[in-house]
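So the structure is just underneath, and the comments pick up after that.
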Amino acid sequence: MRKGIAVSPGVAVGTAYCIHEIFVNPDTKRLEDREITAELAQYEYARDKTTEDLRALQKKVEAQVGHEQAAIFAVHESILRDAPFTKKVRDWIVNERMTAQAALHQLMAEYTQLFSRTKDEYLRDRLNDIRDVVVRISAHLSDVLRPETHALPGPLIVVADELLPSHVVALGDADVHGIVTQAGSQTSHAAIIARSRGIPAVSGVAGILRQVKTGDTIIVDGREGHVIVNPDAEAKSAYHKLEREFFNLKDQLAENRDRPAVTADGVEIQLLANINGVADAHTAGRMGATGIGLFRTEYLYLTHSDVPDEEEQLEAYRKVIDAAPGREVVIRTLDIGGDKTMVYLGRNFREANPFMGWRSIRLSFEHPEFFNTQIRAVLRAASYAKRKGGKVKLLFPMITTLEELRRLRSIVRKACKQLADDGKPHVKPPVGMMLEVPAAAVTIRDMLGSCDFVSVGSNDLVQYLMAADRDNPKVSHLCQPLAPAVLRVLSDVIRACNEANRPITVCGEMAGQPRAFVLLLGMGLRNFSMSAAFIPTIKDLTGHISIAQAEALARRAMEFSTIVQVKRYVDEQLSRLAPNLTVLDTA
Ligand code: PEP
Ligand code: MG
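Numbering (my numbering), first residue to last: 1 to 587.
Below you can see the structure in the form of structure tokens.
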């Protein structure tokens with residue numbers, strides 16, 4: 001049994017499907033004489049495909065983002081054309097009988113060693129470029145070689161170093177019941193994807209890819225953070241039982257899907273879903289979400305083979321709107337930078353503090369054409385939603401100042417005018433700000449005049465308020481949503497919005513955590529947006545507590561001056577109010 005971090009609740013037993021990145025687990029197979037020609041041909045095929053990709057990318061990024069940003073793909077193509085690069089790979093295939101994947105791995109190892117001796121940042125960045133090219137070739141090779149996932153028996157448990165957006169695309173509709181990753185944290189891609197699909201997941205299981213191979217039986221326990229490879233019959237049957245219980249409980253809770261979330265004293269609460277794409281929007285519907293409170297559009301870009309243009313974005317938004325008929329859909333503009341980067345946007349721009357730097361809305365402002373494309377697509381989607389009886393809202397991430405909000409309003413006005421001139425149906429949607437930066441929390445009363453709604457991105461707000469990186473386990477004891485400082489700020493922001501009659505939602509992970517949920521409810525919050533997996537439990541909890549109880553609980557909790565006291569007190573109260581609650585909870 002291996003122990004990791006429980007990042008998405010539930011238990012699953014299935015067949016392992018290992019995603020081997022060539023950098024993680026090199027292919028050690030040696031080729032037979034008769035296989036060499038075919039291997040060379042496959043390498044050439046992958047290389048040709050990579051050239052095609054790079055040329056298409058260059059053209060599209062040039063048209064949509066800018067000449068300067070597109071130049072990176074010309075650099076990548078020159079790496080691909082570099083004679084020693086290809087000669088080395090071919091020589092290793094022919095003389096050492098390595099597979100093309102193994103030769104690429106060796107090539108990368110050589111370059112890494114060579115470049116590790118340099119202090120020159122420019123050269124170090126070139127190493128990243130070489131890695132990008134190698135990854136592209138490798139992806140095409142695995143297109144040729146990838147075992148068909150549907151040929152494997154039973155539900156799949158995906159095992160990877162980290163689940164990348166490209167993997168999610170590659171897995172398509174495969175029957176994935178669990179996810180295990182070597183890297184990762186509560187807010188990593190894998191965790192977010194698993195929770196939004198309601199799939200049990202465990203992260204941070206170092207070296208698991210060396211212990212498990214595709215086809216092995218594997219158990220994921222997303223409540224305890226355990227992973228068991230090739231369990232004995234007893235363990236397997238015990239976990240099958242737990243898995244059935246988990247399904248039953250999920251079904252039982254999801255039975256309340258069509259009922260509104262109502263407190264014990266009859267106050268209706270909105271439970272919305274955070275999604276990354278259309279598949280999540282369907283899950284959200286099944287789990288009983290009353291709308292989409294946060295559509296993180298960066299996945300649209302991260303999973304696109306090049307850059308999604310206006311029509312492609314519009315299509316993606318329409319699909320989400322169709323998956324949430326008659327509901328509200330909050331579309332957040334691109335939030336890239338920090339931990340999520342794209343090769344054509346700021347990847348080679350070195351920053352000492354990326355999370356405090358050129359990310360999110362700050363980056364969008366500097367690519368006006370590119371940003372405008374997304375806004376136009378959202379405005380057109382808003383018109384589509386209106387025709388279908390739903391509603392789109394436009395949300396801007398990481399707002400720091402009032403000036404930013406005013407500038408955004410003017411950008412939206414201009415986009416409306418442009419669309420009117422182009423004769424394209426559009427609607428000007430309500431414009432909201434994400435409250436993630438302490439400066440915006442302090443000045444929230446000034447900001448409210450320039451926005452129609454507020455959505456609190458507590459994952460970021462907590463990390464900035466506590467000066468503790470949300471993905472760094474060394475400081476996770478500080479990065480806590482139940483810290484007294486966080487609670488006081490949240491309570492003040494909720495009060496400010498309620499007094500000004502501005503709708504406010506919390507859409508960070510804390511919204512779906514029972515302890516934080518009851519406190520936020522007691523502070524006056526009525527809109528919560530969370531990973532779909534948590535909606536049934538939170539709906540159930542809502543029915544066990546009255547507003548008066550939640551208010552008393554929040555008032556008392558805010559008198560404590562340490563995190564430990566807050567947690568202990570809320571735990572006691574929760575176990576009294578809803579004794580069966582922890583079953584689906586990972587927190
Ligand atoms: C947040 O910061 O809380 C949030 C919802 O946005 P993200 O997790 O995408 O940064
Ligand atoms: Mg955020």
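Quick reminder that beta carbons are idealized off the backbone N, C-alpha and C, glycines included. Since this is a predicted model, take the numbers as computed values, not measurements.
Cβ neighbours of residue i in the same chain (closer than 8 Å, five flanking residues each side left out)
{"i": "GLU351", "result": "GLY357 and TRP358"}
{"i": "GLY207", "result": "GLN182"}
{"i": "SER383", "result": "PRO425, HIS426 and VAL427"}
{"i": "VAL89", "result": "TYR43, ALA100, ALA103, LEU104 and LEU107"}
Whole-number beta carbon distance between residue j and residue i, since they are thought to touch under 8 Å
{"i": "ARG445", "j": "ALA496", "result": "5 Å"}
{"i": "PRO481", "j": "MET510", "result": "4 Å"}
{"i": "GLY156", "j": "ASP175", "result": "It should be pointed out that residue 156 corresponds to Leu in this sequence rather than to Gly. Rounded, the Cβ-Cβ distance is 6 Å, consistent with contact."}
{"i": "GLY543", "j": "MET530", "result": "In fact, because the Cβ distance is near 17 Å, the residues do not count as touching under 8 Å."}
{"i": "TYR464", "j": "ALA70", "result": "Actually they are not in contact, since the Cβ atoms of TYR464 and ALA70 sit about 33 Å apart, beyond 8 Å."}
{"i": "LEU107", "j": "VAL134", "result": "7 Å"}
{"i": "SER188", "j": "ASP471", "result": "7 Å"}
{"i": "TYR301", "j": "MET342", "result": "6 Å"}
{"i": "SER589", "j": "GLY222", "result": "Residue numbering for the chain in the displayed model covers 1 to 587; residue 589 lies beyond these limits and cannot be assessed."}
Local conformation of residue i per DSSP, three classes
{"i": "GLU509", "result": "helix"}
{"i": "VAL570", "result": "helix"}
{"i": "ASP221", "result": "strand"}
{"i": "PHE560", "result": "coil"}
{"i": "HIS167", "result": "helix"}
{"i": "CYS610", "result": "The requested residue 610 is not part of the displayed model; the chain covers only 1 to 587."}
{"i": "THR50", "result": "helix"}
{"i": "VAL278", "result": "helix"}
{"i": "LYS3", "result": "strand"}
{"i": "LEU525", "result": "coil"}
{"i": "ILE494", "result": "helix"}
{"i": "ALA183", "result": "coil"}
{"i": "HIS140", "result": "helix"}
{"i": "LEU40", "result": "helix"}
{"i": "GLY390", "result": "coil"}
{"i": "VAL267", "result": "coil"}
{"i": "LEU272", "result": "strand"}
{"i": "PRO579", "result": "coil"}
Rounded separation between residue i and residue j - CA only
{"i": "VAL583", "j": "GLY184", "result": "Summary for VAL583: the model assigns pLDDT 47, below 50, so the residue's position carries little reliability, and this model does not support an answer."}
{"i": "LEU145", "j": "PRO200", "result": "Bear in mind that the predicted position of LEU145 carries a pLDDT of just 48, short of 50, making it unreliable; the figure below should be weighed with that in mind. Looking at the two C-alpha atoms, the distance is approximately 28 Å."}
{"i": "ASP132", "j": "GLU77", "result": "11 Å"}
{"i": "SER237", "j": "MET98", "result": "41 Å"}
{"i": "ARG327", "j": "TRP92", "result": "57 Å"}
{"i": "LEU271", "j": "THR290", "result": "6 Å"}
{"i": "GLY390", "j": "ASN274", "result": "17 Å"}
{"i": "ALA102", "j": "GLY338", "result": "32 Å"}
{"i": "VAL602", "j": "PHE560", "result": "Only positions 1 to 587 of the chain appear in this structure, which leaves residue 602 out of reach."}
{"i": "GLU44", "j": "LYS60", "result": "24 Å"}
{"i": "ALA261", "j": "ARG515", "result": "17 Å"}
{"i": "THR50", "j": "SER491", "result": "52 Å"}
{"i": "ILE292", "j": "VAL11", "result": "26 Å"}
{"i": "ILE563", "j": "ALA554", "result": "14 Å"}
{"i": "ARG286", "j": "ALA254", "result": "7 Å"}
{"i": "ARG47", "j": "VAL205", "result": "33 Å"}
{"i": "LEU541", "j": "PHE534", "result": "11 Å"}
{"i": "GLN252", "j": "ASN459", "result": "30 Å"}
{"i": "GLY178", "j": "ARG244", "result": "14 Å"}
Cβ neighbours of residue i in the same chain (closer than 7 Å, five flanking residues each side left out)
{"i": "VAL212", "result": "ALA16, CYS18, VAL159, ILE218 and VAL229"}
{"i": "ALA550", "result": "VAL518, LEU521 and GLY522"}
{"i": "ALA500", "result": "LEU448"}
{"i": "PRO503", "result": "PHE453 and ASN527"}
{"i": "ALA415", "result": "ASN372, ILE375, ARG376 and LEU379"}
{"i": "THR283", "result": "SER196, ARG197, GLY198 and ALA532"}
{"i": "HIS167", "result": "ILE19 and ALA160"}
Residue i classed as buried or exposed, judged by whether at least 16 other C-beta atoms fall within 10 angstroms
{"i": "HIS477", "result": "exposed"}
{"i": "PHE247", "result": "exposed"}
{"i": "LYS3", "result": "exposed"}
{"i": "ASN527", "result": "buried"}
{"i": "THR263", "result": "buried"}
{"i": "THR333", "result": "buried"}
{"i": "ASP53", "result": "buried"}
{"i": "LYS591", "result": "Nothing can be reported for residue 591: it is not among the residues displayed for the chain, which extend from 1 to 587."}
{"i": "ARG376", "result": "buried"}
{"i": "GLN573", "result": "buried"}
{"i": "SER203", "result": "buried"}
{"i": "LEU419", "result": "buried"}
Contact set for residue i: own chain, Cβ-Cβ below 6 Å, skip 5 residues either direction
{"i": "GLY277", "result": "TYR299"}
{"i": "GLU461", "result": "The sequence given here has Leu at residue 461, not Glu. If we look at LEU461 and ignore the five residues flanking it on each side, its Cβ neighbours are GLU436."}
{"i": "LEU408", "result": "PHE396"}
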